[in-house]
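Start counting the sequence shown at 1141; every next residue gets the next number (my numbering). The beta-carbon is built from N, C-alpha and C at its ideal position, and this holds for glycine as well.
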Amino acid sequence: MLVEELREITAIPGISGYEEKVREKLMEWLEPYADCTVDTIGNLIVELGEGDLKAIFMAHMDEIGLLITGITPDGKLRFRKIGGIDDRLLYGRHVDVITESGNLDGVIGALPVHLNLERKFDTVPWNRLTIDIGAESKEEALDMGVKVLDYAVFKKHFAVLNNRYVSTRSLDDRFGVVALVEAIKDLVDHDLNGRFIFAFTVQEEIGLKGAKFLAEHYSPKYAFAIDSFACCSELTGDVKLGGGALIRAVDNSAIYTRRLARKVWEIAEKNDISIQIGVTGGGTDASVFQSKSEVLALSVPIKYLHSEVETLHLGDLEALIKLIEAIAFEL
1141 MLVEELREIT AIPGISGYEE KVREKLMEWL EPYADCTVDT IGNLIVELGE GDLKAIFMAH
1201 MDEIGLLITG ITPDGKLRFR KIGGIDDRLL YGRHVDVITE SGNLDGVIGA LPVHLNLERK
1261 FDTVPWNRLT IDIGAESKEE ALDMGVKVLD YAVFKKHFAV LNNRYVSTRS LDDRFGVVAL
1321 VEAIKDLVDH DLNGRFIFAF TVQEEIGLKG AKFLAEHYSP KYAFAIDSFA CCSELTGDVK
1381 LGGGALIRAV DNSAIYTRRL ARKVWEIAEK NDISIQIGVT GGGTDASVFQ SKSEVLALSV
1441 PIKYLHSEVE TLHLGDLEAL IKLIEAIAFE L
């Protein structure tokens, strides 16, 4: 079940500002269970329970990718990066170019070693690369349906490794989206002590824009981000894939509420949920609520983050879903 949901949702393209295809799929998934609303910026909102707003859980729908900024006279597509992409990952890659009339195959070319007479193998910066869609002129590219402000994503390949790991592009943060969907499905028929918002946010990868919009309109007692934990290195310590759900206690955007971290740890232990705690880089939607709420990021560890081969352990995701549900019951 989780594997098929991950396979379906990660295959849908949706860079920051272009999340509509992802949002449409989520509305289709959630329609049998709960009412959905879409706010002005594009966040998808589900509310459960009644009374005072107890907590908000957020997972972002957007992914990193490439925004088309121009077309060269010989039909190549110029682009800029949307979100944090290592230039080394662009060279010699297949991409899907997403246009209003459909998807096109594209490639980011690479100079063959046979022709590299200077034998220089430095990383080629993104601004010196173009996407080749097989057009031989700007006019032909336009006839193929491409225009400025279309976008491209890495070609998606979904792999299940040893029946316990999933590896694909855009697990960040489509695993969080799946976790919230599954929690909503399990919680919808239960009485909750207060009102809970589940928000599928936009434009996280370019500065937490969707979450900032939410923070202008809601003042929950607790704010949780369900987002990736970049793993594993000397920075992340003892955190490991397969070790369970994860409290992301510190990152570049926040030192999260220690009291809430302890409370969530106790909830996990009480419900026999495997739990870890750690430190990583990056930032999450929860950080923008720090001035008004107790905040925390909940995660699973992901190897190879912001690449084509992001990898998580399915057991960690199962534990995270149980943890979200337990928090909603016990806060």
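Item: GLU1450, enclosing beta strand (DSSP E) - first and last residue; Value: 1450 to 1453
Item: Distance, ASP1202 Cα to TYR1396 Cα; Value: 23 Å
Item: Range of the contiguous beta strand (DSSP E) that encloses PHE1197; Value: 1193 to 1200
Item: Cut-off 7 Å between Cβ atoms - residues of its own chain near LYS1221, not counting five sequence neighbours on either side; Value: LEU1206, TRP1266
Item: Range covered by the beta strand (DSSP E) that runs through LEU1207; Value: 1205 to 1211
Item: Beta-carbon spacing of ALA1389, ALA1401 below 9 Å; Value: yes
Item: Alpha-carbon to alpha-carbon, TYR1305 and GLY1455; Value: 9 Å
Item: GLY1418 in three-state terms, based on DSSP; Value: strand
Item: Alpha helix (DSSP H) segment containing ALA1323, residue limits; Value: 1311 to 1327
Item: Cα-Cα separation, GLU1434 to LYS1361; Value: 6 Å
Item: Per-residue burial, PRO1252 [other beta carbons within 10 Å of its own, 16 or more giving buried]; Value: exposed
Item: Residues bridged to GLU1187 (per DSSP); Value: ILE1337
Item: Continuous alpha helix (DSSP H) stretch holding HIS1357: start and end; Value: 1349 to 1357
Item: Continuous beta strand (DSSP E) stretch holding ILE1238: start and end; Value: 1233 to 1239
Item: Under the three-state DSSP convention, the category ASP1391 falls into; Value: coil
Item: Pairwise C-alpha distance: LYS1432 and ASP1425; Value: 14 Å
Item: Straight-line gap, PHE1315 to LYS1194 (C-alpha atoms, nearest Å); Value: 24 Å
Item: Helix, strand or coil at LEU1332 [DSSP, three-state]; Value: coil
Item: Collapsed DSSP secondary structure at LYS1161 in the structure displayed; Value: helix
Item: Sub-9 Å separation of TYR1291 and ILE1415 beta-carbons; Value: no
Item: DSSP bridge partner residues for ALA1365 (one or two, in chain order); Value: MET1198, ALA1437
Item: CA nearest to the CA of ILE1467, picked from GLU1159, PRO1153, PHE1197, GLY1423; Value: PHE1197
Item: Local conformation of THR1150 per DSSP, three classes; Value: helix
Item: Contacting residues, own chain, Cβ-Cβ under 7 Å from LYS1137 (five flanking each side not counted); Value: Only positions 1141 to 1471 of the chain appear in this structure, which leaves residue 1137 out of reach.
Item: Residue of LYS1216, LYS1161, GLY1223 minimising C-alpha distance to HIS1446; Value: GLY1223
Item: SER1359 versus GLU1164, ASP1192, LEU1146, residue with shortest Cα-Cα distance; Value: ASP1192
Item: Short Cβ contact (9 Å threshold) for GLU1465 with ASP1329; Value: no
Item: Close beta carbons around GLY1242, own chain, < 8 Å, minus the five adjacent residues each side; Value: GLY1285
Item: 6 Å Cβ shell around ILE1225 - same chain, five flanking residues per side excluded; Value: ILE1204
Item: Cβ-Cβ separation, PHE1353 to ASP1236 (assumed contact under 8 Å), whole Å; Value: Their Cβ separation, rounded to whole angstroms, is 28 Å, which puts ASP1236 and PHE1353 out of contact at 8 Å.
Item: Reference HIS1200; option with closest CA among VAL1288, VAL1317, ASP1391; Value: VAL1317
Item: Nonlocal neighbours in the same chain, by C-beta distance under 7 Å from THR1474, ignoring five residues either side; Value: Outside the shown range of the chain (1141 to 1471) lies residue 1474, about which nothing can therefore be said.
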